[in-house]
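Please read the structure below before turning to the comments.
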Amino acid sequence: MSDKITIAGREVGATGFGLMAFTSRSFIITDTEIFASVNASLSHGANFFVLGEFYGLRDPEDNLHMLRRYFTAHPEAVDKVVLSVKAVVKEYIEAGKIGSFCPSECSAETIRKAVAILGKENISCVELEVSLWATKIFENGVAEVCKEFDIPIAAYSPLGRGFLTGQFKSADDLPEGDMRRHFDRFKPENFGKNLELVELVRGIAERKGCTSSQLGLAWVRQVGSRRGGVRIIPIFGATKQAQVAENLQSVELTDSEMDEIDGILKNFKPTGGRYFGHLEGMLYQ
1 MSDKITIAGR EVGATGFGLM AFTSRSFIIT DTEIFASVNA SLSHGANFFV LGEFYGLRDP
61 EDNLHMLRRY FTAHPEAVDK VVLSVKAVVK EYIEAGKIGS FCPSECSAET IRKAVAILGK
121 ENISCVELEV SLWATKIFEN GVAEVCKEFD IPIAAYSPLG RGFLTGQFKS ADDLPEGDMR
181 RHFDRFKPEN FGKNLELVEL VRGIAERKGC TSSQLGLAWV RQVGSRRGGV RIIPIFGATK
241 QAQVAENLQS VELTDSEMDE IDGILKNFKP TGGRYFGHLE GMLYQ
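Now the structure itself:
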């Protein structure tokens, strides 16, 4: 399996790094901690960063301000990084500042329309949730059309917003004010059922000698080749340097391990939607 993928004409590592968590938590994360984590990501080859102009809990643009501070402190990193920024794009289009587009949570039909209007060369990737408990893209035609046009998938929340890491034993383990408390799958009435998947995955990880996080990321990296050959790059988030380094350790699953996981997923259906309320109805539009 290749450890590189091409996005927007640039070569990036097989795993990407999401920066949203640094500015969306209920507690403050210092620049020292942030910069150490970002440096760890780059040192392990994860140079595709995903951020947004509205990923701030206090100021919507905190995510962008954070990255500006990082590049000011580490100007040598500027040319090493490929950025995907979620933003209101009209003004950037008019200013000629957009190199390519990365639509998010769209349907197969929308991707086809985007290709027809923009040309596939102007679509760098499609951002979609893909994980052990988010596999719908392989059923609704989205993965198929991305393969058809050779558009990579940037798989956000590849660890189920932390649920699939095994760090939470109950809904009460989520910090007060944590936005995940609103998500259907984290609610007390659904938590126990969804924890069954975590325990099944943990068993495979223990036999493999890796963490559940490493296994989950490896599965996302490899599943595309088993589902039609679509290219998928998992985009994980982490706020600790050690956690970043651990998640980026090289783990590759054997065919038999992938078969075992496929068997588990075939018989397990997560309880609750990926989001909550009206947001669920906005997926795959």
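The numbering of the sequence shown is full-length UniProt numbering, which starts it at 1 and goes up by one. Virtual Cβ for every residue (Gly too), placed ideally from N, Cα, C. On a predicted model such as this, the values are computed, not experimentally measured, just so you know.
Just to confirm, is the Cβ distance from residue i to residue j under 8 Å?
i	j	result
Leu128	Ala108	no
Pro158	Ser26	no
Thr239	Ile29	yes
Asp15	Asn63	Note on identity: in this sequence residue 15 is Thr, with Asp being the wrong assignment. No, these two residues do not count as a Cβ contact at 8 Å.
Phe168	Gly177	no
Glu246	Ile204	no
Leu215	Pro270	no
Figure out for me which residue from the options has the closest Cα to the Cα of residue i.
i	options	result
Ala8	Thr32, Phe71, Leu83, Leu67	Leu83
Arg68	Ala114, Arg274, Leu19	Leu19
Thr135	Leu265, Lys4, Leu279	Leu265
Ala171	Glu148, Asp150, Leu195	Leu195
Asp262	Trp133, Glu189, Arg185, Thr271	Trp133
Glu139	Phe49, Val85, Gly228, Gln249	Gly228
Please return the same chain residues whose Cβ sits closer than 8 Å to the Cβ of residue i, not counting the five positions on each side in sequence.
i	result
Pro103	Thr110, Ile111, Ala114, Ile123, Val126, Glu127
Met1	Its pLDDT being 47, under 50, Met1 is placed unreliably in this model, and the value from its coordinates should be taken loosely. These residues qualify, in order along the chain: Ala14, Arg221, Gln222, Ser225, Glu252.
Could you tell me which residues DSSP pairs with residue i in its beta bridges?
i	result
Lys4	Gly13
residue 296	The structure shown does not extend to residue 296, since the chain is modelled only from 1 through 285, so no value can be given for it.
Leu48	For clarity, residue 48 is Phe in the given sequence; the question names Leu instead. Note: Phe48 sits in a beta bridge opposite Val82.
Ser104	Glu127
Ala155	Leu128, Pro234
Gly18	Val50, Gly237
Going along the chain, which residues of its own chain have a beta-carbon closer than 7 Å to the beta-carbon of residue i, five neighbours each way excluded?
i	result
Val38	Tyr70
Val220	Val130, Ser131, Ala155, Pro158, Ile232, Pro234
Asn47	Val12, Gly13, Lys80, Val81, Val82
Val230	Ala143, Cys146, Lys147, Ile153, Gly224
His182	Phe276
By Cβ distance, which residues of its chain are closer than 6 Å to residue i, with the 5 residues on each side in sequence left out?
i	result
Val160	One detail in the question is off: residue 160 reads as Gly in this sequence, not Val. Excluding positions up to five away in sequence, the list reads Ser131, Trp133.
Ser212	Thr165, Gly166, Val201, Arg202, Ala205
Gly272	Asp184, Arg185, Asn190
- Task: Output the residue ranges of the alpha helix (DSSP H) runs that lie fully inside the region 179 to 237 and measure 4 residues or longer, sorted by chain position.
- Result: 188 to 208, 212 to 226
- In the region 121 to 147, which residue ranges form an unbroken beta strand (DSSP E) of at least 3 residues, counting only runs that do not cross its ends? 126 to 129
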